[in-house]
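> The following block contains the structure, expressed as structure tokens.
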Amino acid sequence: MDAQQVEALSYTQALQALDDIVAQLEEGKVDFDSINPMVQEADLLLRHCQALLTGTQRDVDTIAAQWKVLLEGDPEQTD
Numbered sequence: 001m002d003a004q005q006v007e008a009l010s011y012t013q014a015l016q017a018l019d020d021i022v023a024q025l026e027e028g029k030v031d032f033d034s035i036n037p038m039v040q041e042a043d044l045l046l047r048h049c050q051a052l053l054t055g056t057q058r059d060v061d062t063i064a065a066q067w068k069v070l071l072e073g074d075p076e077q078t079d
């Protein structure tokens, strides 16, 4: 799977692909020449998952900050 294909995956799909790679490696039935490409693909998948998590965290923080202002009032706003 190349970088463009990985970027098209959802978090769940990327995590499943990672699980598949780990399972294959744990079985020990992977020939030596396949290990490097599998590790490179796993790296792409991990980076993609991290980017998705970071984006989600940023969105949650933004929404939480907006709700805090709505619920508590804007501290910079004077009456």
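Sequential numbering of the sequence shown, starting at 1, is according to the UniProt record's numbering. Every residue, glycine too, gets a C-beta built ideally from N, C-alpha and C. Predicted model, so just to flag it, every value in this text is computed and none were measured.
(1) Would you say Leu18 and Leu45 are within 8 Å of each other, going by their C-beta atoms?
(2) Could you tell me the boundaries of the alpha helix (DSSP H) in which Asp19 lies?
(3) Is it true that the CB of Glu41 sits closer than 8 Å to the CB of Met1?
(4) Counting beta carbon pairs with one atom in the segment 8-23 and one in the segment 48-67, are three or more of them shorter than 8 Å?
(5) In whole angstroms, give me the CA-to-CA distance for Val30 and Val39.
The answer reads as follows:
(1) yes
(2) 11-27
(3) yes
(4) yes
(5) 12 Å
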